[in-house]
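I have placed the structure first, in the form of structure tokens, so that the comments after it can refer back to it.
Protein chains: 2
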Amino acid sequence: MIKERKNTLRDSVFESLKALIITGQIPPGARVTENDMAARLNVSRTPVREAFNRLERDGLVVGRPRQGYVVTEFNLTMFREAFDIREMLDGRATELAAANATAADKARLRDMLAECERLAAIPDRSTREQFEELQVGIDLHRVIAEIGGNEMLHGMLCGILDKCQQYVWTELLWLDEWQLTREEHTGIVDAICAGDVALAGERARAHVRGSRENILRLLQAKSDYQGFFAKAS
Amino acid sequence: MIKERKNTLRDSVFESLKALIITGQIPPGARVTENDMAARLNVSRTPVREAFNRLERDGLVVGRPRQGYVVTEFNLTMFREAFDIREMLDGRATELAAANATAADKARLRDMLAECERLAAIPDRSTREQFEELQVGIDLHRVIAEIGGNEMLHGMLCGILDKCQQYVWTELLWLDEWQLTREEHTGIVDAICAGDVALAGERARAHVRGSRENILRLLQAKSDYQGFFAKAS
DNA sequence: ACACTCAAAATTGTATACAAATTCGCATAC
DNA sequence: GTATGCGAATTTGTATACAATTTTGAGTGT
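Protein sequence lines correspond, in order, to chains A and B. Just so you know, we're using UniProt numbering here: the first sequence kicks off at 1 and counts up by one. Just so you know, we're using UniProt numbering here: the second sequence kicks off at 1 and counts up by one.
What follows is the structure in structure tokens.
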């Protein structure tokens, strides 16, 4: 049995499955069964079942009684809903961060920005390095929410960011927009470090709005939404 | 084995436990064990475990590995966090409802208001009837979010409302504020029926702010917060 | 009277056995 | 060739047995 670093197998399985889904290694629409996962992770069905329950609660998989589970597929409606909420949550979390950030917090955010810049400056970088920059960019929002101090808000935002991360890792979109994303992230962190609550919040909201429009615009470019979204059956 | 009306025992147990907790029949701080619940509901531990998992995910119970579960206790921090989020979510949901409500939706809201008025007009009403009015008043917000059409937002708001409902059912506070609550609810529904998006949203946010101040003020009236909140150990 | 030790009890974590339901494929009839 | 029906295989739902850990409490020594 796998003993990664968590206390219980349930948590290990949950984290493993979540990572597999968010990174697109198990794509949206893919069917996942308890037995397969149990065999793959070398554990019994029990912890796998409990992990599936939590994943379903987080909206990463959908399951119908006695019919198995399927990795949640993307659709336009879900994106509009998620980004509408994320604009509020991310904006508020960033306001709180601007109000509460300590010197150490600010240094941490600066470090993450520097890491993004470093990864961006690598010539002819690999896909792995591109993924790393995406990861750090999304983690930046998680850390900002953590700094904000509202744990409930932090948890909710992380749930939505999981879905966003699943999307960018699966589709690897807006490759030409990374420069803009870095600039917006820098602007948000600048406002937080300056303690400008209103500016930080508004920049965060504008950033989320921009991401939403960017994604929706790219989706529009696809001629057939159904064909684009349906990854499997 | 109990076969209420759900397909699976897990769902039945989850709903039963959730109801017991939200209505204060199992008070905050109370210890809950899998065996007790399994015996109480006449099922095995397996569906009870899965229900506990979901309850923990929803923040209604907290559990530590191999130490059992405890019904989540109230504290000031949690209230500030929850109401800060609820103000955003409820405000947005109400805006969406004002934009999307059909004639049938509006009639449904009116009916709920009328039910509140009917229950309020009963002279020397029983505790049961008071609870009913509280229930309908909180359900009003759930229905408004449902009408808004953003399912994700609806689900998130329901989670927070569960905690609010647990609180009022457990403590039965602000008995003298019910008249004000009814007036605010009426104002919100009026704005929704008029299709005034901005007004509906602002009234909803003001209503949540008022509820928060009301609760915090009552908490201040208690001399010892710790003694007030700690219901059991 | 107090502190310490150790064993027993209680409780959750995991594995496995069995039941119920759904799905899929093959055979058969038309 | 197509449709239909039935049965095997697959998959989840539930129950139970066992393992691991924590808690509890009695007993003992000082």
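Beta carbons are placed, not taken as given, at the ideal position from N, Cα and C, and that holds for glycine.
Residues sharing a beta bridge with residue i, DSSP
i	result
R31(B)	V70(B)
Cβ shell of residue i (< 8 Å), same chain only, five flanking positions each side left out
i	result
R49(B)	E34
E117(B)	R182
I21(A)	L55, L60, V61, V71, Q166
H185(A)	L113, C116, G137, L140, H207
Nearest-angstrom Cα separation, counted from residue j out to residue i
i	j	result
A145(A)	V32(B)	32 Å
E56(A)	P123(B)	46 Å
Q220(A)	E115(A)	32 Å
K231(B)	I26(B)	For K231(B), the predicted structure reports a pLDDT of 38, less than 50, and the residue's modelled location is therefore unreliable. The matter cannot be settled from this model.
T8(B)	F52(A)	16 Å
A19(A)	R110(B)	46 Å
L180(A)	Q130(A)	15 Å
A206(A)	M156(A)	19 Å
N150(A)	A93(A)	8 Å
E213(A)	M88(A)	16 Å
C158(B)	D105(A)	33 Å
G148(B)	T102(A)	39 Å
E171(B)	L76(B)	14 Å
Reduced DSSP secondary structure (H/G/I, E/B, other) of residue i
i	result
G63(A)	strand
V208(B)	helix
P47(B)	helix
A101(A)	coil
Q220(B)	helix
G159(A)	helix
D190(B)	helix
Q25(B)	coil
G137(B)	helix
S16(B)	helix
D11(A)	helix
G201(B)	helix
R57(A)	helix
G91(B)	helix
G149(A)	coil
N214(A)	helix
R128(B)	helix
I122(A)	coil
D196(B)	coil
Neighbourhood of residue i by C-beta distance below 7 Å, restricted to the same chain and skipping five residues each side
i	result
A120(A)	E133, W178, R182
A191(A)	A98, L199, A200, R203
T23(B)	W169
S44(B)	A38
V208(A)	F83, R86, E87, D90
G187(A)	R203
Cut-off 6 Å between Cβ atoms - residues of its own chain near residue i, not counting five sequence neighbours on either side
i	result
V197(B)	E95, A98, A99
I160(B)	A82, R86
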